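Each residue of the sequence shown is one higher than the one before, counting from 23 in the working numbering.
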Amino acid sequence: MSDLLRPHTTSTSAVGAAELLSALREAPPLTHCITNTVVTGFTANVLLALGAAPAMVDIVGESGMFAGVASGLLVNLGTPTPEQRAASVEAAAAAGLAGTPWVLDPVAIGALPIRTALAHELLSAGPTAVRGNASEILALAGESGGGRGVDATDTTDAAAESAIGLARRSGVVIAVSGPIDLLTNGERMLRIENGHELLTRVTGGGCALGAVMAAFLGAARATGAEALTAVGAATLVYTIAAERAARTASGPGSFAVALLDALAGLAPEDLADAARVEEVAL
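In structure tokens, the structure reads:
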């Protein structure tokens, strides 16, 4: 991967994240989530702690209507029941017509055929961003059979070239989540080293990040910030909050609670000193 990346700067991402976090709290984005039923409550609480306004609308006949008025939309394929599958397609189409930015989280695609076909159908509908682990991104790019259920069996660095290619072909920001997060729009890449292992010990740790991205994209829509900046801001805020939460947590249970408190207490001015991010031009 090193021959593809030329170092550019390390400061603008934290500045953009601080500006967007301020904007989000000044005008809380209505964040429409069609998501994994296992993580609905946690996801809603993460959004509330952040300062956004969550709405879990996954009923056919309502999801499209709501996507048209929401600030941002998350479509997460964690538990794709027939109702949710139809609602997801409906919401994606409505978001496209209304200009609502949206995030696709292709959970556990690759080995599982129904969600894999749905992920490709939704990708063709033009999400603003795709967030997944390395194995999910490789599967969406057609270069892997996926991971072990929701767990990645590939590293983020192994998915970097595929993420860049997928971003260029689709015109979508691709976010590869892992111990190091790689985010790219095909022209630039952000490499973010913030975060904590306890995020992987809480159900919904990754799924909630997709919702945070949708919220920041909603804030970016109002401010004119570009999609990569918004997705980077979401990742920085979420992973820095995770680091703060881990300092006081004694295990996964207390960490989940501490993460909500850390998100609520994180100030825009806290980001510059805490951010460990490299921006590179491709």
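Glycine is no exception: its CB is placed at the ideal position from the N, C-alpha and C atoms.
Here the structure is a predicted model, which is why all the values come from computation and not from measurement.
Whole-angstrom C-beta distance between residue j and residue i, which should lie under 8 angstroms
i, j, result
"alanine 249", "asparagine 207", "7 angstroms"
"leucine 239", "valine 299", "Not a contact, Cβ separation roughly 18 angstroms."
Backbone CA spacing between residue i and residue j [nearest angstrom]
i, j, result
"valine 194", "leucine 188", "8 angstroms"
"alanine 156", "alanine 71", "28 angstroms"
"proline 51", "leucine 134", "33 angstroms"
"isoleucine 136", "alanine 294", "42 angstroms"
"alanine 147", "serine 272", "43 angstroms"
"aspartate 127", "proline 201", "18 angstroms"
"glycine 118", "leucine 46", "22 angstroms"
"aspartate 203", "serine 85", "30 angstroms"
"leucine 258", "isoleucine 81", "32 angstroms"
"valine 297", "proline 290", "Here the sequence assigns alanine to residue 297, which means valine is not the residue at that position. Approximately 11 angstroms between the Cα atoms of the pair."
"alanine 267", "phenylalanine 277", "6 angstroms"
"alanine 161", "alanine 109", "23 angstroms"
Local conformation of residue i per DSSP, three classes
i, result
"aspartate 179", "helix"
"proline 274", "helix"
"serine 93", "coil"
"leucine 304", "coil"
"valine 60", "coil"
"arginine 266", "helix"
"aspartate 15", "The structure shown has nothing for residue 15, since the chain only spans 23 to 304."
"aspartate 203", "strand"
"isoleucine 159", "helix"
"leucine 134", "strand"
"glycine 154", "strand"
"leucine 52", "strand"
Proximity test, Cβ basis, 8 angstroms: residue i and chain B
i, result
"asparagine 207", "You won't find chain B in this structure, because it holds only one protein chain."
Any non-hydrogen atom of the ligand COA closer than 7 angstroms to residue i Cβ
i, result
"asparagine 58", "Among the components modelled here there is no ligand, and therefore nothing to report on the ligand COA."
If we count Cβ pairs, one from each stretch, closer than 8 angstroms, do we get three or more for the stretch 87-98 versus the stretch 253-266?
-> Using a Cβ-Cβ distance cut-off of 8 angstroms, the stretch 87-98 and the stretch 253-266 are not in contact, since fewer than three pairs of beta carbons, one from each stretch, lie closer than that value.
Does the stretch 284-294 come close enough to the stretch 195-202 to have 3 or more Cβ pairs within less than 8 angstroms?
-> The stretch 284-294, when compared against the stretch 195-202, does not touch it at the 8 angstroms Cβ threshold.
With a floor of 3 residues, list each beta strand (DSSP E) that falls wholly inside the stretch 209-255, ordered by position along the chain.
-> 210-214, all fully within the stretch 209-255.
Say whether the stretch 241-255 touches the stretch 219-233, bearing in mind that this needs 3 or more beta-carbon pairs closer than 8 angstroms, one atom from each stretch.
-> Fewer than three beta-carbon pairs drawn from the stretch 241-255 and the stretch 219-233 are found closer than 8 angstroms, and the two stretches are therefore not classed as touching.
Length at least 3, wholly inside the stretch 72-119: the beta strand (DSSP E) runs in chain order = Correct list: 75-77 and 94-98.
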